[in-house]
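Protein chains in written order, with the working numbering: chain A, 1 to 323; chain B, 1001 to 1326.
Written below as C-alpha cells is the structure these notes are about.
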C-alpha cells in the first residue's frame, strides 16, 4: 500500500451563477498528502483554497459542482460515494477545523454535548464514564487546564483560543487519518496563533495525523508545513517543499505574496507587493495565464498561452512560462 | 481651505495623560460584583505633530478603548486627553469642529460604510456635515480625494457591495481624509484584508501621511505592520503600556518579556530558531496585585506577583514596566 493518504487529480469545481455563467473556482488542480505530513495551501481570498478543501469533504455549497477529476482517499474515490458512505467518512476519517471558532460551536449546548453528538452520529457504543474519560483526556492533550470542570461549561465561557482548542479536540475525537484546517487562526491573536500551531505540530508528531492547513499567510505556511501549494485563480501555481518555495519562489505570485508582508529584519520604506486585485475567472478555458494582469514579469506569450504545470526539479512544480 | 490650517498647531498634537477607562457592569449583567479590571489603566502617551504612534497588543488589551476615548465615544473615568493643546472637555461642546480635524478608519470595511449610499455620497458626507461649501467645491474636493486614495471616477456612482474589501477600505480612507484632518486614528485598518491588499493599503497610508502632514495613531495586533508605518511603538498588555520606544529601538532592543513574546509569535518562514518562549496560554490568570503579565511570564518571580512594576525610562525615550527586564 502506498504512503499517500489523499490524492486529488485534476479537480475542477464550478459554480453555475444565476446569469448562466460558470465560475470556475478550482481548475485542474492536483495535490497529494502523504501519511504524517502537513501540507499547506496558500493564496488570497477567492483563489479556491477553501473550495478545494470543501471538495474533498464533498460539502461544496450550492450552486457549486465538482465537474471533473478524482479525489482518492486511501485509494478510494470519494466522488463515487453515496451520502451514507460520505457521512461515515466525514467527522471520522477526515475532519474539518473551520476558520471561526466563535461560530463553530453551538452556544446553547455545553462542551460535553458537542463531543457526545459525534459519538452518536457515528454510532459509537460507549458507556457514559468511558466517554467522559476519553473527552477529558483529549481536552488535556490540547492544553485545556482542569478539563473535568470545563466539560459542562458553555462556549461563551471560553476565549477564542480556548474555543479553537475545543474544536481541535473535537476534530481528533475519532482518531481521523486527515485533518483539514481552514484558516484555523485568522480570527485569533498572533500569540494564540503560535500556540495553536505548536499544538497542531505536536499532534502530528505524536499521533501521526496528516493535515492540510489553509492560510493566506505565506510565512506561516512556510514555517509550519512540510510541503506547500500556492494557489491563484483556482489553479495551483507552484508547489514544492515549503522551505524551497519560501527561499526560492519561482512564480512571481509567490514572490509577490512574500514581499507583501513587512519584514522586521530590515526597515522598508515601501512594500513591493502585488498590484491590482484578484478578479474571478469565468471563461471555460481562459487564454493565457490568469495572473498575467497583475504580474510584473508579464510578456506577450503570457497573454496567449495558458501555462502548464512543469516539474523544475524533483517534487518542485511551477505553472509559469517565465520561471 | 479648512480653518484648521489657519490655527497654530500645537506640538504634541495629541497628549493623553493618565487615562483610565472602566466599563461598568450593565443593569442585566450576569457577573456582578466581579473584580472589574479597568480596560485602560493609567495610560499616558504623546503624539507629536506629523508623527505616527503605533499601539500593539492582543485583543482585550485596551487598544481600541484608547481609540474610542480619543474619539469621545467612551467616557474616561480618570485622566485627560488634550488635542491641539485643548482638553477634550472643551472640544465636547464643539464636536463638529473636533471631528473635522480628528478622523478615524475602522477595522471592518464591510460594516463601516452604509450599503445603501453611493460611494460619492459616503465620501462627501463629512463635507456636508462640517462645512458650508458650494456643490462645485464639494465636487472638486471629492475628485481630488479619490485620486489620492487610488480610486477612479467610475467608482463614484457605485454602491459598496460592488467593491472588494481593499476598495472599500480605500473609500473609508477617502471619507476620513476629505475634511483634511490633522489627526487620523486607524484601528486595525488592515486586519480584515488579504496580505497583498494589506501591502497596498499600508503603502497608501504611508504616502498620505507624508503628503497631507498627518499625525496618526495606528492600532494593530501585528507588530510587523506597526513597525512598517510608525515612528514609535507602544506595547500594551491588560490596559497598561508595558513598553514604549522609538521604532528601531523596539525592534532591535526590546526589553519587556511580553514584547519578546509578541516578536517570537510572528511567523517567520522556515528558519528554525531558538525560542525563548513556549507560548502556552493555558488559563489567562489575572494577577490582581502584581504585574498583570506575571502568570504568563517565564521570568516571573515572587516579587512580580506582589508588586506591580512602574513604567521607567531605561534608555533614551525607551520606557519599560518590568522588574526583571532583559
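Backbone N, C-alpha and C fix where the C-beta goes; we use that ideal spot for every residue, glycine too.
On a predicted model such as this, the values are computed, not experimentally measured, just so you know.
Terminal residues of the alpha helix (DSSP H) in which residue i lies
| i | result |
| --- | --- |
| residue 1222(B) | Where residue 1222(B) is concerned, there is no enclosing alpha helix (DSSP H), given that its DSSP letter is neither H nor E. |
| residue 46(A) | Where residue 46(A) is concerned, there is no enclosing alpha helix (DSSP H), given that its DSSP letter is neither H nor E. |
| residue 945(B) | Examination of residue 945(B) is not possible in this model, given that chain B is present from 1001 through 1326 alone. |
| residue 258(A) | 252 to 259 |
| residue 15(A) | That residue, residue 15(A), is in no alpha helix (DSSP H); its beta strand (DSSP E) goes 4 to 16. |
| residue 231(A) | Segment 227 to 232 is the beta strand (DSSP E) holding residue 231(A); no alpha helix (DSSP H) there. |
| residue 1304(B) | 1302 to 1306 |
| residue 1206(B) | 1195 to 1211 |
| residue 245(A) | 242 to 247 |
Alpha-carbon spacing of residue i relative to residue j, whole angstroms
| i | j | result |
| --- | --- | --- |
| residue 1207(B) | residue 27(A) | 38 Å |
| residue 1223(B) | residue 1267(B) | 11 Å |
| residue 1251(B) | residue 1259(B) | 9 Å |
| residue 198(A) | residue 238(A) | 26 Å |
| residue 246(A) | residue 173(A) | 34 Å |
| residue 1183(B) | residue 275(A) | 28 Å |
| residue 302(A) | residue 294(A) | 12 Å |
| residue 234(A) | residue 1013(B) | 48 Å |
| residue 320(A) | residue 1008(B) | 57 Å |
| residue 200(A) | residue 91(A) | 17 Å |
| residue 1209(B) | residue 1294(B) | 38 Å |
| residue 1204(B) | residue 268(A) | 14 Å |
| residue 104(A) | residue 1079(B) | 41 Å |
| residue 296(A) | residue 252(A) | 8 Å |
Beta-carbon spacing of residue i, residue j below 8 Å
| i | j | result |
| --- | --- | --- |
| residue 187(A) | residue 100(A) | yes |
| residue 1187(B) | residue 1107(B) | yes |
| residue 1100(B) | residue 1215(B) | no |
| residue 228(A) | residue 221(A) | yes |
| residue 1062(B) | residue 1218(B) | no |
| residue 1155(B) | residue 1201(B) | no |
| residue 66(A) | residue 50(A) | no |
| residue 38(A) | residue 226(A) | yes |
| residue 217(A) | residue 1059(B) | no |
| residue 182(A) | residue 97(A) | yes |
| residue 83(A) | residue 156(A) | no |
| residue 1123(B) | residue 1152(B) | no |
| residue 264(A) | residue 1227(B) | yes |
Residue range of the beta strand (DSSP E) that includes residue i
| i | result |
| --- | --- |
| residue 1052(B) | 1052 to 1056 |
| residue 68(A) | 64 to 73 |
| residue 1073(B) | No beta strand (DSSP E) holds residue 1073(B); DSSP gives it neither H nor E. |
| residue 1237(B) | 1232 to 1237 |
| residue 302(A) | Taken as a continuous stretch (DSSP letters only), residue 302(A) belongs to no beta strand (DSSP E), being part of the alpha helix (DSSP H) at 300 to 304. |
| residue 1021(B) | 1014 to 1021 |
| residue 1288(B) | Looking at the DSSP string, residue 1288(B) is not in any beta strand (DSSP E), and its letter there is neither H nor E. |
| residue 114(A) | Not the beta strand (DSSP E): residue 114(A) falls in the alpha helix (DSSP H), residues 111 to 121. |
| residue 1172(B) | Residue 1172(B) -> not in any beta strand (DSSP E); alpha helix (DSSP H) instead, spanning 1165 to 1177. |
Cutoff 7 Å; reference residue i; Cβ partners in own chain excluding five residues on either side
| i | result |
| --- | --- |
| residue 1077(B) | 1020, 1021 and 1022 |
| residue 1065(B) | 1021, 1039, 1040 and 1074 |
| residue 63(A) | 15 and 16 |
| residue 298(A) | 292 |
Same chain, Cβ closer than 8 Å to residue i, five either side skipped, listed in chain order
| i | result |
| --- | --- |
| residue 87(A) | 121 |
| residue 1255(B) | 1243, 1314, 1318, 1320, 1322, 1325 and 1326 |
| residue 68(A) | 10, 11 and 12 |
| residue 1306(B) | 1289 and 1290 |
Chain-order list of residues whose beta-carbon lies under 6 Å from that of residue i (same chain, five-residue window excluded)
| i | result |
| --- | --- |
| residue 7(A) | 32 and 72 |
| residue 1130(B) | 1096, 1100 and 1179 |
| residue 1015(B) | 1046 and 1082 |
| residue 1149(B) | 1170, 1173 and 1174 |
| residue 1158(B) | 1119 |
| residue 1132(B) | none |
| residue 160(A) | 101 and 188 |
| residue 1297(B) | 1257 |
Buried or exposed (CB count within 10 angstroms, at least 16 for buried), residue i
| i | result |
| --- | --- |
| residue 266(A) | exposed |
| residue 240(A) | buried |
| residue 1199(B) | buried |
| residue 129(A) | exposed |
| residue 1140(B) | exposed |
| residue 1086(B) | exposed |
| residue 1110(B) | exposed |
| residue 1143(B) | exposed |
Proximity test, residue i beta-carbon vs the ligand ATP heavy atom, cut-off 7 Å
| i | result |
| --- | --- |
| residue 1153(B) | With respect to small molecules bound, the structure shown includes none, and the ligand ATP cannot be examined in it. |
7 Å Cβ cut-off: residues of chain E touching residue i
| i | result |
| --- | --- |
| residue 1199(B) | Among the protein chains in the structure shown, which are A and B, there is no chain E. |
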